[in-house]
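Heads up, the thing below is written out as structure tokens.
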Amino acid sequence: MTFLERIGGQHGLETILADFYRRVSADPMIGFLFKGKDLGRLVALEVQFTARAFGASIDYEGRGMRLAHAALRVSGGQFDRRMRILEETLRDHAVGADVVEAWLGHGRALRRAVVVDACEPPTASGAGLTSVGRSP
Ligand code: HEM
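Every letter in the sequence shown is one number past the one before it in the working numbering, and letter 2, counting from 1, is 10.
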């Protein structure tokens with residue numbers, strides 16, 4: 009059985025991700041980022057995105073991770089919080105440990121695309137920390 013089959017296929021994936029988005033959107037630390045967002049749309053897109061990561065040959069109709077999250081200016085702490093909520097959700101849905109590990113590993117690999125690194129200037133040419141200590 010594939011990982012996707014073990015969590016009940018696309019339908020099972022949708023059940024898990026609907027619960028996950030309910031939790032993140034109600035979370036005291038990161039819930040505000042989801043205010044006013046169409047959660048049904050986000051669940052549908054993340055179902056596609058995750059199913060593909062698990063090898064399903066279906067289309068992903070959303071934006072790339074960097075573009076989708078750029079305006080949110082997600083911090084490392086917010087990213088970690090989302091990963092923790094994902095881990096808790098997967099355990100509560102009795103997802104097998106090896107599937108959880110693969111799923112979380114796939115998420116962790118996206119960190120650099122999603123998180124805005126506070127140590128980087130906003131643009132290569134923009135004034136940022138690289139200009140500290142230099143004469144104007
Ligand atoms: C592994 C990490 C992540 C994955 C796989 C992921 C996945 C996605 C996907 C598939 C979308 C829809 C793309 C689109 O709108 O076209 C999305 C949008 C969004 N994500 Fe993430 N995400 C991740 C991390 C985060 C984090 C850390 C946060 C906040 C703490 C976050 C908050 C949001 C919000 C608020 C949107 C809606 C953006 C908008 O419509 O303006 N995501 N994400």
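We put the CB at the ideal spot given by N, CA and C, even for glycine.
- Task: May I ask whether a heavy atom of the ligand HEM can be found less than 7 Å away from the beta carbon of Leu53?
- Result: yes
- Query: Between the Cα of Ile15 and the Cα atoms of Arg119, Val103 and Trp111, which residue gives the shortest distance?
  - Reply: Val103
- Query: Near Pro144, what residues of its chain come up, given a Cβ to Cβ distance below 6 Å and the 5 sequence neighbours on each side ignored?
  - Reply: Because the pLDDT at Pro144 is just 49, under 50, the model does not fix this residue reliably, and the value given afterwards should be weighed accordingly. Answer for Pro144: no residue qualifies.
- Task: Taking all protein chains shown into account, decide if Phe28 is buried (16 or more other Cβ within 10 angstroms of its Cβ) or exposed.
- Result: buried
- Task: Using beta-carbon positions only, say whether Val122 and Phe87 come within less than 8 Å of one another.
- Result: yes
- Task: Determine, using beta carbons only, whether Gly63 and Thr10 come nearer to each other than 8 Å.
- Result: yes
- Item | Span separating the alpha-carbon of Leu75 from that of His101 | 30 Å
- Message: Could you compute how far the alpha carbon of Ser65 sits from the alpha carbon of Leu41?
- Response: 30 Å
- Task: Following the continuous alpha helix (DSSP H) through Arg60, name the residue where it begins and the one where it ends.
- Result: Leu47 to Ala61
- Message: Could you compute how far the alpha carbon of Gly113 sits from the alpha carbon of Thr58?
- Response: 12 Å
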